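Numbers 132 to 647, taken from this note's numbering, label the letters of the sequence shown in order.
For each residue, glycine too, the CB sits at the ideal point set by N, CA and C.
Predicted model, so just to flag it, every value in this text is computed and none were measured.
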Amino acid sequence: MRVVTASEMYAIDRYTIQQIGMSEESLMENAGQAVATVLLERIQPAQRVAVLAGTGNNGGDGFVVARVLKSYGYTTDLWLIPPKEKVKGAAKKALEIYENSGYEVKNYIGNEKEFIEQLRHYDVIIDALLGIGINGALRSPYKEIIEKVNEAKELVVYAIDVPSGIPADGGAVETAIQADVTITIQYPKLSAYTFPTADYYGELIVVDIGIPPLSLEKNAEFRRLWSEAAVARTLPVRKRSSHKGTYGKGLVIGGSRNMTGAVIMTAKAALRSGAGLLTMAVPDDVYPVVATHIPEVMYHPCSSLNGCFAGEIDLITLDVDAIAAGPGMGRTMGAKSVVQKVLCQDVPVVLDADALYFWNDYVSIIRERTEATILTPHPGEMARMLGVSIDDVERDRFGIAKQFAMSNGVYLVLKGPYTIVTTPDGKQYVNTSGNPALAKGGSGDVLTGIILAFIMQHDNIQEAICNAVFVHGKAADALVEKEHSPMDVLATDVIEAIPQTLFSLYKKGASYQKQR
Ligand SMILES: NC(=O)C1=CN([C@@H]2O[C@H](COP(=O)(O)OP(=O)(O)OC[C@H]3O[C@@H](n4cnc5c(N)ncnc54)[C@H](O)[C@@H]3O)[C@@H](O)[C@H]2O)[C@@H](O)CC1
Ligand SMILES: Nc1ncnc2c1ncn2[C@@H]1O[C@H](COP(=O)(O)OP(=O)(O)O)[C@@H](O)[C@H]1O
Ligand SMILES: [K+]
């Protein structure tokens, strides 16, 4: 499933109309019919429905929906919010068809009191007020209407395309429809995967209105959801002839006197995710503490300074296939020196947490690297690396991630709900698993371990990273689906949930894997 911006959606519509030859009216009819098909499955015939329609084409979709619901015998009122003469183009045509079918329009203007009075008699509201064409702050009377609808908590609200009032590409929200369900036309918009806008969507359903894929290819950047089916299809299959070396010799670098747990979790997660051989490089001051935890791992104690890395690490002797550095490493000159040495190795490198702290001192080395560099900042780390505020990052997660990954030639994992993986050539993948149980210290360390293990086992780095991010979130989902609340989950629980998550994904992919 691809994800688009508002301007891409307009370009797609234009191309479909002008180059492919479908009429705007037929697209609107398809949109309204597709939305109505979903509604007919969900709304009970006894429920009273109000369709609230605005000036633009979102309102146009609403006219089609109201006509279909009425023709199926549903008790439906169509409330037209603007004066009728403001409705233009395809929407005007859809309104004419509605009226020619013998159906009545209720005008909001002049009947504001009746509208408010009626509101409490409805069961269902179809929000066709504003779509992706919203511009600036909400104007009257939309603001008041939306506030009234939101106040009526017993109403079930279905929004068409986007909840009216939210910016389609994401950003700050002042007033917007709080939908129970949003039925999005053809492709989900960015705002469904950024916050605070995503909170207004409720359940998201995407309906196809028959736009040919060529219109998308010609007019939209590559941005897609990475879902369970994609993971099941791309998880690597272990060959019967394989041995531990087949699945990579990984190195996890981290730990310091104040933070011994992070690196242990990274290493455990890597082993649970299939790393063939794993070595942990830790400051020798903390080695005795760390070494008691994982019998399967090998150790490479490094010289310490005050419980942290002194700066030396013998990477030549270690001879590894991939490295993850950062968890619990501390922000010392010694740690910086170790990371610089790591970046000079010709193997894929994952940098997380403290290894991102001296970003400006690494940029020039990273840009020269030929093997993959994978950075996994959370929004706070991303903001610091860019010298902007966290709000700036959150407002434009997709844009910022793309610009950063392309200009530095890195794979960027911008974490958070709907983690975005961006490749060095700017392709973007939105993760669909995970829940707030992961909002706890240590979650990121676990993810780093899964990524390390997966990049050693997949042939394709993008698939490896996207699958790792998905498995991490899915493990947390599995925990809260049974036995755990979102409050009590520990990062170590997430590691323990990796086996069942991989088991279920492998089962789902089994039929596909047999065919290969
Ligand atoms: N071919 C197409 O373009 C299709 C469009 N579709 C629908 O059309 C929608 C986009 O249509 P439009 O471009 O007409 O945009 P909207 O339906 O979002 O309406 C924009 C209009 O709303 C008013 N408006 C804008 N900002 C406002 C504000 N802050 N406060 C109050 N009023 C404001 C203005 O009159 C503006 O012209 C999509 O979201 C989708 O629902 C679908 O029918 C499918 C086909
Ligand atoms: N509300 C949430 N929904 C989904 N995933 C989340 C949520 N909060 C955090 N996560 C995930 O948990 C991880 C947290 O990483 P990070 O902030 O680096 O944690 P830490 O540094 O404490 O290990 C990321 O993978 C992030 O995507
Ligand atoms: K809407």
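Start-to-end residues for the alpha helix (DSSP H) that takes in residue i
| i | result |
| --- | --- |
| K223 | G220 to N231 |
| R173 | E155 to R173 |
| K274 | Y273 to E282 |
| I581 | S574 to Q588 |
| T448 | L446 to L449 |
| Y146 | A137 to Y146 |
| V469 | M464 to L474 |
Outcome for residue i when other beta-carbon atoms lying within 10 angstroms are tallied against a minimum of 16
| i | result |
| --- | --- |
| V134 | buried |
| L345 | exposed |
| P630 | exposed |
| E160 | buried |
| T579 | buried |
| V368 | exposed |
| A568 | buried |
| S138 | exposed |
| R198 | buried |
| C597 | buried |
| G379 | buried |
| R270 | exposed |
| P419 | exposed |
| Q150 | exposed |
| I314 | buried |
| R354 | buried |
| T207 | buried |
| R647 | Bear in mind that the predicted position of R647 carries a pLDDT of just 49, short of 50, making it unreliable; the figure below should be weighed with that in mind. Exposed, because fewer than 16 other Cβ atoms sit within 10 Å of the Cβ of R647. |
Heavy atom of ligand 3 within 8 Å of residue i beta-carbon
| i | result |
| --- | --- |
| A648 | This structure does not reach residue 648, given that the chain is present from 132 up to 647, and the question cannot be answered. |
| N189 | yes |
| A329 | no |
| A222 | no |
| A225 | no |
Beta-carbon proximity check, residue i vs residue j, cutoff 9 Å
| i | j | result |
| --- | --- | --- |
| A393 | A142 | no |
| V338 | V312 | no |
| G204 | P176 | yes |
| D483 | A455 | yes |
| G405 | H374 | no |
| K274 | A299 | no |
| A453 | M587 | yes |
| S635 | A607 | no |
| A290 | I265 | no |
| A599 | A584 | yes |
| T410 | L449 | yes |
| V577 | I626 | yes |
Distance cut-off 8 Å: residue i Cβ against heavy atoms of ligand 2
| i | result |
| --- | --- |
| K274 | no |
| H424 | no |
| L506 | no |
| S358 | no |
| T410 | no |
| K399 | no |
| D445 | no |
| N566 | yes |
| S574 | yes |
| T623 | no |
| D483 | yes |
| G547 | yes |
For residue i, the first and last residue of its enclosing beta strand (DSSP E)
| i | result |
| --- | --- |
| H431 | M429 to C433 |
| N562 | Q559 to N562 |
| E334 | E334 to V338 |
| K237 | V236 to N238 |
| K380 | K380 to I384 |
| L506 | T504 to L506 |
Distance cut-off 8 Å: residue i Cβ against heavy atoms of ligand 4
| i | result |
| --- | --- |
| V494 | As for ligand 4, it is missing from this structure, which binds only ligand 1, ligand 2 and ligand 3. |
Cβ-heavy atom distance, residue i to ligand 1, below 8 Å
| i | result |
| --- | --- |
| P294 | no |
| N350 | no |
| E155 | yes |
| T563 | no |
| T186 | yes |
| A268 | yes |
Does the contact criterion of 3 or more C-beta pairs under 8 Å hold for the stretch 506-515 versus the stretch 553-567? no
Contact between the stretch 481-494 and the stretch 460-469 is defined here as three or more beta-carbon pairs at a separation below 8 Å; is this criterion met? yes
The stretch 428-446 contacting the stretch 351-366, beta-carbon criterion three pairs below 8 Å: no
I'd like to know if the stretch 453-461 and the stretch 372-387 are in contact, where contact means that at least 3 CB-CB pairs between them fall below 8 Å. yes
Could you tell me whether the stretch 207-214 touches the stretch 169-185, using the rule of 3 or more Cβ pairs below 8 Å? yes
Across the stretch 248-258 and the stretch 214-226, are there enough close Cβ pairs to call them in contact, namely three or more that are closer than 8 Å? no
Is the stretch 603-616 close to the stretch 418-426, with three or more CB pairs under 8 Å? no
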